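Asker:
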Amino acid sequence: MQRPFVILAHVAHPAILEGFMPAAQQRGLPIVLITDHAQEHRRLLAGSSLSPDRLQVIECDVFNPLAVIETLNGQGLRPVAVFSNSDHLQTATAVVAEAFECPGKNWRLCHAAKNKAAMRERMQRLGLPGPWFQVLASGCALPADAPWPVVAKPREGVASLDVRLCHNAAELSAYCERFWEQQPDRALLLEAYLEGPLFTLETLGDGRSLQAIGGFDVSLSAPPHFVELAARWNGPLSSAQRTAALAQVAAFGVNFGVCHSEFILTAQGPVLVEINYRSIGDGREFLLDRLLPQGWFDRIVALHLGQALVDAQPARA
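To convert, note that position 193 of the sequence shown is 193 in full-length UniProt numbering; the numbers rise steadily by one, no gaps.
#1: Where does Q90 sit, in a helix, a strand or coil, going by DSSP?
#2: Does the Cβ of E262 have 16 or more other Cβ atoms within 10 Å, making it buried, or fewer, making it exposed?
#3: Please state the DSSP three-state secondary structure of V11.
#4: Mind checking whether P154 and W132 have CB atoms under 8 Å apart?
#5: Could you check whether the stretch 51–61 touches the stretch 117–127, counting it as contact only if at least three pairs of C-beta atoms, one from each stretch, sit closer than 8 Å?
#6: Please name the residue in G47, R78, T35, L44 whose C-alpha comes closest to that of N64.
#7: Give the C-beta separation of L136 and L188 to the nearest angstrom, bearing in mind that I take them to be a contact with Cβ-Cβ under 8 Å.
#8: Starting from E228, follow the beta strand (DSSP E) in both directions and report where the run begins and ends.
#9: If you measure between the beta carbons of F252 and S238, is that distance less than 8 Å?
#10: Going straight from the alpha carbon of D298 to that of S279, what length do you get?
#11: How close, in whole Å, do the beta carbons of S51 and Q25 come, if the pair is a contact with beta carbons under 8 Å?
#12: Buried or exposed, going by whether 16 or more other CB atoms sit within 10 Å of the CB of G283?
#13: Anyone know if the C-beta pair for residue 326 and S84 falls short of 8 Å?
#14: From this set, G257, A245, I275, which residue's C-alpha is nearest residue 343's C-alpha?
#15: Please state the DSSP three-state secondary structure of Q56.
#16: For a test of the three-state rule: what should DSSP assign to S221, helix, strand or coil?
#17: Using alpha carbons as the reference points, say which of C140, V6, F100, A46 lies closest to E177.
#18: Candidates E202, L190, P224: which alpha carbon is nearest E285's?
#19: For P293, count neighbouring Cβ atoms within 10 angstroms of its own Cβ and tell me buried if that reaches 16, exposed if not.
#20: Which of helix, strand or coil does DSSP assign to I300?
As structure tokens, this is what we get:
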């Protein structure tokens, strides 16, 4: 029996259904999709062009890597690769991949990238540039030494969701009260506000080498909210700062699969503000699949199959 390409998924997402799954099937691989939303995935896949006889959807608690391992063993399945494009599932996916001796990411690094406080602590230990920061748990007093303004965000948040610029203690207190009413006991991360434009770095790695594929110059809405309005591929900012940005991502330890990192260009140079150890989203993954001569989804699938990273042929802006 051919070993399957195993994908861990939470909510149904076009990048998986229309990008990574077709790429895996085009390589002739059977796909096993493990998810805690099996019914939703089956409904969406019923109308897709994917071959149903080469596809299996299994319900499981994907946030529990031991449950995934036991499910695969119980089904007699030994993956050829274990992959996820979910922010929330990178750590669990890395543990499962290691259990089946598949190529994968370091689970400790996945956790450090996902947990924004752990990320800042790791950057501090490594001597990488970064802002003042402090974790704020529910019910704790506001920091007396905060360098106003500060950016408040969920410690395990995603993108700009629930991110707010607070100019003083009163604004921060009001933000915390609203946030904890909706999400009690969830920790917040406070960071000194970094002045400067935002750009991204998109990288691929095979566990031995890390390659900068390109980046986006990003336009944001005005504070206090940080909503992406537009992005330009390989714009002047991301192109000029690519070498310095790649050095910071590599120093953090990222070296396998796809990674989407965000930077602020301050007066002192680029500062790494967020690591998303998965592909860029918001439809830009499909843009890259069309824009790059070597495609996007298939290149990432190849890395999880243990193939070496080939030299990139980046597209121009």
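We put the beta carbon where it would ideally sit given N, CA and C, even for glycine. Model, not experiment: these values are computed from the prediction.
Answerer: According to the structure shown:
#1: On the sequence shown, position 90 is the one that residue 90 refers to. Note: Q90 maps to helix in three-state DSSP.
#2: As a first step, residue 262 is located in the sequence shown; it is residue number 262 there, counting from the start. Result: buried.
#3: Indexing the sequence shown from 1 puts residue 11 at position 11. Annotated three-state conformation of V11 is coil, per DSSP.
#4: Counting from 1 along the sequence shown, the entry for residue 154 is found at position 154. Counting from 1 along the sequence shown, the entry for residue 132 is found at position 132. No. Outside cutoff.
#5: Short answer: they don't touch.
#6: Here residue 64 refers to the residue found at position 64 of the sequence shown. Measuring from the Cα of N64, the nearest candidate turns out to be T35.
#7: Within the sequence shown, the letter at position 136 stands for residue 136. Within the sequence shown, the letter at position 188 stands for residue 188. Right, their Cβ atoms sit about 5 Å apart.
#8: Working through the sequence shown from its first residue, we reach residue 228 at position 228. It spans 228–233 - the beta strand (DSSP E) in which E228 sits, taken as one unbroken run.
#9: Numbered from its first residue, the sequence shown carries residue 252 at position 252. Numbered from its first residue, the sequence shown carries residue 238 at position 238. The answer is no: Cβ separation not under 8 Å.
#10: For the purposes of this step, residue 298 is taken as the residue at position 298 of the sequence shown. For the purposes of this step, residue 279 is taken as the residue at position 279 of the sequence shown. D298 and S279 have their C-alpha atoms some 12 Å from each other.
#11: As a first step, residue 51 must be located in the sequence shown, where it is residue number 51. As a first step, residue 25 must be located in the sequence shown, where it is residue number 25. So it is a contact: roughly 6 Å between Cβ atoms.
#12: Within the sequence shown, the letter at position 283 stands for residue 283. Burial call: exposed.
#13: There is no way to answer for residue 326, as the model of the chain reaches only from 1 to 317.
#14: Absent from the model: residue 343. The displayed extent of the chain is 1 to 317, so no value can be given.
#15: Working through the sequence shown from its first residue, we reach residue 56 at position 56. Q56 sits in a strand when the DSSP states are folded into three classes.
#16: Mapped onto the sequence shown, residue 221 falls at position 221. S221 sits in coil when the DSSP states are folded into three classes, being neither helix nor strand.
#17: Residue numbering aside, residue 177 sits at position 177 when the sequence shown is read from its first letter. When each option's Cα is compared against that of E177, the closest is C140.
#18: In the sequence shown, the residue the question calls residue 285 occupies position 285. Closest in C-alpha terms to E285, from the list E202, L190, P224, comes E202.
#19: The count along the sequence shown starts at 1 and reaches residue 293 at position 293. By the Cβ neighbour-count rule, P293 is exposed, with fewer than 16 other Cβ atoms within 10 Å of its own.
#20: The residue labelled residue 300 in the question sits at position 300 within the sequence shown. Helix.
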